[in-house]
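Novice:
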Amino acid sequence: NTVSLTELNGVPFNRLFAGLQETVENPDHFEAREDDIWVVNWPKSGTHWLWEIIMMLTSDKPQLSSRVKEECMFELRPGHALETMPSPRVLNTHVPHQFFPKQALAKSKVLYSVRHPKDAAISMYYHTRNIEDYSYLGTWNGFFSLFMENKVDCGSWFDHVEKWLEVVENHSNVQIVKFEDLKEDLTGEIKRVAEFIGYPKSDEFYAEVAKQCSFENMKKHKTELLSGWRPESDGMYRKGKVGGWRGVFTVHQNETFNSEYEKRAKNFKIDLGYTD
Ligand code: A3P
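Each residue of the sequence shown is one higher than the one before, starting from 48 at the first, in UniProt numbering.
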């Protein structure tokens, strides 16, 4: 039981990512703007959440956007689709750093979001299982092996994070946001993000943004336009929790994962603090 994917320069991707082919073939094609703001991550690490927060900050309206983040997704919008978008553009992507437009790294603001890989892997399992285009009906056990073998959408979590942490370390216009920090102190993180992207607001505004982008509110009000989720599934807003992996990983899976993590995390330029 494998996941239906396409491969671009050695990295497996969702077949719907039509825009990516063009990017890979024309790496300097994308025209970045100084006022662009990017949310970048390995999938299932808080893209929708962070995108929504930034949309509220940049629009100066503490209410959920009538748009969806997929409309502003680099690999889903082929060709010039993003070129006609008015500034400030809040863009998002899951691409590993080698596919990310160089111009954007040189002049735009980038937030790299990261989530405990065990939770991200489980979230990715449900994502893959429940979106029809992946044609995947396997079990968690099977998916865990695929995850460890990098045979899932966007490839290796370890490669993605290792390289992007290096980028964060070397660029003052790139900052990290942890899913767990959003869960622990949402208002504080919203404020930090707002100041970093240059859209500071009042404490009342931050509190309202936090209220609007609670898991429950987003689940209730955000519609999924482009995704093709199986009707019986929970869709994008599944659980939104930290540490759910504890009830899912077997002892053996946990040991296998930990030994790989220990090896790879030695090369991370930033300590993520994921010790369990
Ligand atoms: P789960 O599958 O664990 O529930 P992404 O947006 O990068 O695809 O990530 C999706 C994950 O983020 C899902 O995780 C989803 O529930 C969670 N998520 C989305 N919005 C959230 C919110 N407002 N609060 C907490 N978690 C949220």
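Glycine included, every Cβ here is placed at the ideal spot set by N, Cα and C. Treat the numbers as computed from the prediction; the structure is a model and nothing was measured.
(1) What three-state label does DSSP hand M283 in the structure shown?
(2) To the nearest angstrom, report how far apart Q110 and S261 are at their CA atoms.
(3) Any idea which residues DSSP pairs I223 with across the strands?
(4) Which of the three DSSP states is assigned to E54 in this structure?
(5) I317 by DSSP, collapsed to three states: which one?
(6) Just to check, is the beta-carbon of N314 closer than 7 Å to a non-hydrogen atom of the ligand A3P?
(7) Taking contact to mean 3 or more Cβ pairs, one atom from each stretch, closer than 8 Å, check whether the segment 133 to 141 and the segment 83 to 90 are in contact.
(8) Could you have a look at P164 and say whether DSSP puts it in helix, strand or coil?
(9) When you compare each of E78, N177, G66 to Y284 by their alpha carbons, which one comes out closest?
(10) Cβ of P164 versus every heavy atom of the ligand A3P: is any distance shorter than 7 Å?
(11) Less than 8 Å between the beta carbons of K248 and A254, yes or no?
(12) Looking only at its chain, what residues have a beta carbon closer than 6 Å to the beta carbon of K238, apart from the 5 residues adjacent to it on each side?
(13) What are the partner residues of M120, as DSSP defines its beta bridges?
(14) Quick check on the burial criterion: 16 or more other C-beta atoms within 10 angstroms. Buried or exposed for D166?
(15) Flag I260 as yes when its Cβ comes closer than 7 Å to any non-hydrogen atom of the ligand A3P, and as no otherwise.
(16) Examine the Cβ distances between the segment 114 to 125 and the segment 61 to 70 and report whether three or more of them are shorter than 8 Å.
(17) Contact defined as beta carbons within less than 8 Å: I believe F191 pairs with Q300. What is the distance between those atoms, to the nearest angstrom?
(18) Provide the residue(s) that pair with P59 in DSSP beta bridges, ordered along the chain.
Specialist: So, from the data block:
(1) coil
(2) 11 Å
(3) Y159
(4) strand
(5) coil
(6) no
(7) yes
(8) helix
(9) N177
(10) no
(11) no
(12) Y253
(13) N139
(14) buried
(15) Checking the sequence shown, residue 260 turns out to be Cys, not Ile. Flag set: Cβ of C260 near the ligand A3P.
(16) yes
(17) 5 Å
(18) E54
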